[in-house]
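Notes to accompany the following structure.
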């Protein structure tokens with residue numbers, strides 16, 4: 002490409018000069034902490050002492066074979082992730098279909114659904130904690146409806162529903178934007194041709210709109226999966242893992258072991274297991290949706 006060797010080396014030097022700071026930042030922000038995570042996961046350490054005790058794979062053996070809290074938190078996370086992914090995407094698609102119509106209130110409704118996403122989940126959790134504990138009691142006294150008198154945060158099943166509902170309420174605006182963008186990219190001539198052929202609204206949706214929403218569905222499911230597996234903020238502020246530890250997610254269990262019980266090495270091993278689980282699920286999901294899009 003370059004006839005002059007000196008010019009070629011100068012171009013390489015300039016390339017290295019501009020890329021080295023970026024690579025250094027990536028190494029400092031990701032690779033070095035990841036290597037330290039692997040190191041500490043093989044130790045027994047309280048996060049304070051200067052001499053962590055090397056224990057090999059003992060942490061991983063205890064987590065996978067004898068940790069009841071990790072097993073229950075993993076089951077909670079799986080249930081939460083499956084329900085969250087399905088419900089938030091179905092609701093977002095339905096709302097996107099409504100808000101894609103030419104209505105006078107459409108801009109206001111879009112803003113109303115998106116505003117909660119701007120708020121931190123910690124703040125949202127505290128707001129809804131007040132609503133569940135104080136607001137519902139007031140509504141129950143004024144209306145007499147027994148549903149408001151239920152212990153929404155003090156009963157395991159209702160606490161799970163509360164966490165799921167608050168998470169969906171806070172994040173649905175994000176997925177709504179993705180699906181609205183996908184609907185607006187569907188060609189109008191295809192819809193008009195289907196109407197001329199006598200296709201109804203349901204037939205047009207399942208035969209035209211839904212297949213063309215495949216890229217949007219891929220992005221939304223991917224984001225919903227990664228966010229739901231890492232759920233932590235809303236649990237911390239809404240239930241604190243209660244009642245009786247029944248709303249521990251994997252991320253919350255890691256936080257509890259690491260920062261409350263001072264089991265830094267043990268918690269780091271759990272974090273590494275969570276990372277590997279997210280990595281495997283993400284790779285499988287991307288491969289599945291990529292194959293589906295190619296077939297479509």
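Numbering (my numbering), first residue to last: 2 to 297.
All C-beta atoms, glycine included, are put in the ideal place defined by N, C-alpha and C.
Note that this is a predicted model, so its numbers are computed, not measured.
1) Report the rounded CA-to-CA distance for residue 20 versus residue 33, giving the unit in angstroms.
2) Assign residue 182 to one of two classes, buried (16 or more other C-beta atoms within 10 Å of its C-beta) or exposed (fewer than that).
3) Is the distance from the Cβ of residue 173 to the Cβ of residue 93 below 8 Å?
4) State buried or exposed for residue 248, treating a residue as buried only when at least 16 other CB atoms are found within 10 Å of its CB.
5) Can you tell me whether DSSP reads residue 44 as helix, strand or coil?
6) Taking its Cβ as the centre, do 16 or more other Cβ atoms sit within 10 Å of residue 106, making it buried, or is it exposed?
7) Confirm, please, whether the CB-CB distance from residue 230 to residue 167 is below 8 Å.
8) Just verifying my parser: in three-state terms, what is the DSSP assignment at residue 137?
9) Residue 187 and residue 210 - do their beta-carbons sit closer together than 8 Å?
10) Could you pull the start and end residues of the alpha helix (DSSP H) that residue 234 belongs to?
11) Residues in the same chain with beta-carbon distance under 8 Å from residue 124, minus the five sequence neighbours each way, listed in chain order, please.
12) Can you tell which of 55, 52 and 291 has its C-alpha closest to the C-alpha of residue 216?
13) Do the segment 246-263 and the segment 121-140 make contact, defined as three or more Cβ pairs closer than 8 Å?
In short:
1) Position 19 of the chain shown holds residue 20. Position 32 of the chain shown holds residue 33. Linking residue 20 to residue 33 through their CA atoms gives a straight-line distance of about 18 Å.
2) If you number the chain shown from 1, residue 182 lands on position 181. Answer is exposed; the Cβ neighbour count stays below 16.
3) Mapped onto the chain shown, residue 173 falls at position 172. Mapped onto the chain shown, residue 93 falls at position 92. Cβ distance < 8 Å, so residue 173 and residue 93 count as in contact.
4) The residue labelled residue 248 in the question sits at position 247 within the chain shown. So residue 248 counts as buried.
5) Sequence index remark: in the chain shown, residue 44 carries index 43 (1-based). If DSSP states are grouped into helix, strand and coil, residue 44 belongs with the strands.
6) Taking the chain shown and counting its residues from 1, one reaches residue 106 at position 105. Under this definition residue 106 is an exposed residue.
7) Residue numbering aside, residue 167 sits at position 166 when the chain shown is read from its first letter. Residue numbering aside, residue 230 sits at position 229 when the chain shown is read from its first letter. The answer is no: Cβ separation not under 8 Å.
8) Here residue 137 refers to the residue found at position 136 of the chain shown. The answer is helix: DSSP assigns residue 137 an H, G or I state.
9) As a first step, residue 210 must be located in the chain shown, where it is residue number 209. As a first step, residue 187 must be located in the chain shown, where it is residue number 186. With a cutoff of 8 Å on beta-carbon distance, residue 210 and residue 187 are scored as near each other.
10) Translated into the one-based positions of the chain shown, residue 234 becomes position 233. It spans 234-239 - the alpha helix (DSSP H) in which residue 234 sits, taken as one unbroken run.
11) Here the question's residue 124 lines up with position 123 in the chain shown. Only 238 meet the Cβ criterion.
12) Looking up residue 216 in the chain shown gives position 215. Ranking 55, 52 and 291 by Cα distance to residue 216 puts 291 first.
13) Taking a contact to require three or more Cβ pairs closer than 8 Å, the segment 246-263 and the segment 121-140 do not qualify as touching.
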